[in-house]
Amino acid sequence: MKRLLGRIAIALPLISSPLLGQGPSQRCTFQIDNVDRQGSVVETASGTNYFAGGDVRLRCRGTQISMQSDSVAAYGGNVVRFIGNVKYRDSTVTMDADRGTYYRNGERWEARGKVTTTNLETGSTLTGPALDYFRVMRGVRDTLEMFATGRPRIRYVTSDGSGRPAEPYIIVADRVRFKGRDRLWGGGKVTIDRSDFAARSDSLRLDTGAGSDGTLVRGNPILRGLGPDSFAINGNRIDFELDGRELTYLVAKGKGRAVSSDWDLVADTIALDLENRKLQRTFAWGDSIRPFASSPAYAMRADSLALDTPGQRLQEVRGFGKAWLGGTIDSLAKDRDWMRGDTVVARFGAADSAGKSRAVLSRIEAHGTAQSYHLEPNGRFPARPSINYARGEVIVVTMKPGTERGVDRVDIRGKVDGIQLEAAAADSAPARPDSLQRTGALR
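So the sequence shown is numbered by my numbering: it starts at 173 and just counts up by one.
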């Protein structure tokens, strides 16, 4: 047996990838360390075949690489099959599978069955039924590639600012392609999960290297920020940027929608800035779907919108280009207060409601052809409020502080005019058209 083992030396590739480690591009020579039951060499017209069974253990001479399986069959040095309880080990990676096959043509390694790979450097893992690996080989390919099918599960470990392991991403897709150490593509029911966010799409592109960005596309892609200050963004396509593998910027393109605890925003394009996993700023623009933000207390429309939410707390909303801001619709009058101008700025303060902080309007400014429309309550005829309409270059409305509701002060500057319509008796006042349609405020 010892003489037979000395003859069994097979040229095989070094296995290396983002999950499988990165080795040199030359082949290694296997040395058989153990065969429990049998080993044989068969000479054929097409080459020499080698067979070995029973706890076959091999290692690559001069390295820390080792392999183990129940049996090995090598055919003419072109195809080598590892069968049963396949284990691969080196200084950076471990890989277990039911079966493994090496193809010399194309320098391809296939792992099949219950495949589990672990990167010992990062802690990242991949599990699934099928993995194809194309290693770096001089004159063949300069960048390693890996393909996994059968809906593999990737536990993608990241590092925090100090280099310590951070919470991993869990990525699942029908099929996944890796290129190099830091580029990944996923296709078919892609899911990405972590405690602070969840994403869904049909396809994923991810670059955690020099590009530090990615894309979710097709299948109604959506990304949700989880936790007490949750948000969601969706569109035909979502592009994102990373800093240290942390999400810092999101853009939903085509039928964009973003929702948080304070507002619901729709537009052609919506962009979100994040810091420390919290939403800080939101921008919206586009032609086919004009930006429109709404909440239980207000609605705002403009050619473009900007929302400031430091610490994920609504602080200011700015509308540029034919901007319009409306308050809550009165349930009896079926109408609402509103302001419009070339630019409208709404500032918000925090108010406590049932032990929970919420954003409330504190100040509104309209600049450039400014207009305001205000309903004055009528205690006798609640459905027939007085109407105050004013115009000017600049209109500033200051709201009552805290949880008090209503307007405290109105300041108008530059070419001021307006009209005051007093409430009429319910039995004599003619029906009036909706004020928003009459003034064209929502056009």
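Ideal Cβ placement from N, Cα and C applies to all residues, glycine included. What you are looking at is a predicted structure, and each value in this text was computed from that prediction instead of being measured.
- Sorted by chain position, which residues of the same chain lie with C-beta nearer than 8 Å to D415's C-beta, five sequence neighbours on each side aside? Short of 8 Å from the beta carbon of D415, and not among the five residues preceding or following it, lie these beta carbons of its own chain, in chain order: S384.
- Mapping DSSP to helix, strand and coil, what is Q487? Reduced to three states, the DSSP call for Q487 is coil.
- Query: At which residues does the beta strand (DSSP E) containing N560 begin and terminate?
  - Reply: In the DSSP assignment, N560 falls within the beta strand (DSSP E) that extends over S558 to M571.
- Using a Cβ-Cβ cut-off of 6 Å (strictly less than) and excluding sequence neighbours within five positions of S460, which residues of its own chain qualify? Around S460: D440.
- Ignore the nearest five residues each way along the sequence and tell me which others in K427's own chain have a CB closer than 7 Å to its CB. A distance below 7 Å between beta-carbons, with the five flanking residues on each side excluded, links K427 to the following residues of its chain, in chain order: G407, N408 and I461.
- Short check: CB of T647 to CB of L298, under 8 Å? Lying outside 173 to 615, the shown extent of the chain, residue 647 is not represented and no answer is given.
- Item | Separation of F306 from V312, as counted between CA atoms | Taking the straight line joining both Cα atoms gives about 10 Å.
- Query: Going by beta carbon distance, what residues of the same chain come within less than 6 Å of N277, once the five residues before and after it are set aside?
  - Reply: Non-local beta-carbon contacts of N277 in its own chain, meaning distances under 6 Å to residues more than five positions away in sequence, are absent.
- Message: Considering just the uninterrupted stretch of the beta strand (DSSP E) at L479, what are its terminal residues?
- Response: That run of the beta strand (DSSP E) goes S476 to D480.
- Message: So, with DSSP's three-state summary, where would you put L414?
- Response: In the structure shown, L414 adopts extended strand secondary structure according to DSSP, grouped into three states.
- Task: Take every Cβ of the region 507-520, pair it with every Cβ of the region 534-550, and state whether three or more of those distances are shorter than 8 Å.
- Result: Taking 8 Å as the limit for Cβ pairs, the verdict is that the region 534-550 does touch the region 507-520.
- Please confirm whether A523 and V532 have their CB atoms less than 8 Å apart. Going by C-beta atoms, A523 is nearer than 8 Å to V532.
- Closer than 6 Å by C-beta to L479: which residues in its own chain qualify, once you throw out the five before and the five after it? Chain order, please. Around L479: T454 and V489.
- Message: In the DSSP assignment, the beta strand (DSSP E) including Q592 goes from what residue to what residue?
- Response: Per DSSP, the continuous beta strand (DSSP E) segment holding Q592 begins and ends at D589 to L593.
- Query: Taking C-beta to C-beta, are Q484 and D401 nearer than 8 Å?
  - Reply: Taking 8 Å as the Cβ cut-off, Q484 and D401 qualify as a contacting pair.
- Per-residue burial, L593 [other beta carbons within 10 Å of its own, 16 or more giving buried]: Exposed, since its Cβ has fewer than 16 Cβ neighbours within 10 Å.
- Could you have a look at L356 and say whether DSSP puts it in helix, strand or coil? Here L356 sits in strand by DSSP.
- Task: Check whether the Cβ atoms of R423 and I410 sit closer than 8 Å, and answer yes or no.
- Result: First, the amino acid is wrong: residue 423 is Val here, not Arg. Yes, the Cβ-Cβ distance between V423 and I410 is below 8 Å.
- Could you check which residue in N250, G300, G225 and A370 has the C-alpha nearest to that of R280? Comparing Cα-Cα distances from R280 to each of N250, G300, G225 and A370, the minimum goes to N250.
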